[in-house]
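Engineer: I'd like to ask some things about the structure below.
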Amino acid sequence: MKITELTGLKANARVPAITPGDTVKVGIKIKEGDKERVQPFQGVIIRVRNGDAGGSFTVRRVAYGVGIERTFPTASPLLDKVEVIRHGKVRRAKLYYLRGLSAKKARIKEKRFPKELLTTPEPEVIPEPPAEQPKA
Numbered sequence: 354m355k356i357t358e359l360t361g362l363k364a365n366a367r368v369p370a371i372t373p374g375d376t377v378k379v380g381i382k383i384k385e386g387d388k389e390r391v392q393p394f395q396g397v398i399i400r401v402r403n404g405d406a407g408g409s410f411t412v413r414r415v416a417y418g419v420g421i422e423r424t425f426p427t428a429s430p431l432l433d434k435v436e437v438i439r440h441g442k443v444r445r446a447k448l449y450y451l452r453g454l455s456a457k458k459a460r461i462k463e464k465r466f467p468k469e470l471l472t473t474p475e476p477e478v479i480p481e482p483p484a485e486q487p488k489a
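If you read the sequence shown in the working numbering, its first letter stands for residue 354, the second for the next number, and so on.
Below you can see the structure in the form of structure tokens.
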């Protein structure tokens with residue numbers, strides 16, 4: 354028996370395919386009194402943990418010169434949306450080395466995709482043969 358059968362966790366449809374190095378904007382539901390709002394948290398994914406019980410990912414950002422890391426459970430109902438802003442080109446699964454870097458050294462190059470993958474192909478329109486005219 355798998356743990357997903359026991360816990361009843363399902364894949365969160367609001368979380369797209371993310372990898373370390375991606376810059377994402379995560380919308381988190383925050384409850385203040387009787388009001389609920391969505392607070393954005395934008396940064397670079399430094400760790401992704403996948404597992405049977407949902408998994409999690411860690412996002413790092415620098416605010417006012419201080420590094421802030423926040424871990425989000427993938428199956429959390431408090432996640433409103435996860436929007437991928439850019440895909441990073443990295444060669445590591447865990448980007449902990451970013452903690453010791455600052456300014457330009459902490460930048461991650463953007464992964465470039467061929468134009469064929471970025472544009473959606475238009476469906477081919479097959480012309481219908483002309484209808485035969487009845488002979489008079």
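All C-beta atoms in this analysis are idealised placements derived from N, C-alpha and C, irrespective of residue type, glycine included.
ASP375: buried (16+ other C-beta within 10 angstroms of its C-beta) or exposed?
Structural biologist: Reading the sequence shown from its first residue, position 22 is the one you call residue 375. So ASP375 counts as buried.
Engineer: Does the beta-carbon distance from LEU451 to ILE399 come in below 8 Å?
Structural biologist: Reading the sequence shown from its first residue, position 98 is the one you call residue 451. Reading the sequence shown from its first residue, position 46 is the one you call residue 399. Yes, these two residues count as a Cβ contact at 8 Å.
Engineer: How big is the Cα-Cα spacing for ARG413 and GLY407?
Structural biologist: Mapped onto the sequence shown, residue 413 falls at position 60. Mapped onto the sequence shown, residue 407 falls at position 54. The straight-line gap from Cα to Cα measures roughly 20 Å.
Engineer: What are the partner residues of GLU422, as DSSP defines its beta bridges?
Structural biologist: For the purposes of this step, residue 422 is taken as residue 69 along the sequence shown, with counting starting at 1. Beta-bridge pairing links GLU422 to ARG413.
Engineer: Which stretch, first to last residue, makes up the beta strand (DSSP E) that contains ILE399?
Structural biologist: Counted from its first residue, the sequence shown places residue 399 at position 46. From DSSP, the beta strand (DSSP E) with ILE399 extends over 388-402.
Engineer: Which residues in the same chain have their Cβ closer than 7 Å to the Cβ of GLU481, if we skip the five residues on either side of it in sequence?
Structural biologist: Numbered from 1 along the sequence shown, position 128 holds the residue referred to as residue 481. The answer is none, since no qualifying residue turns up.
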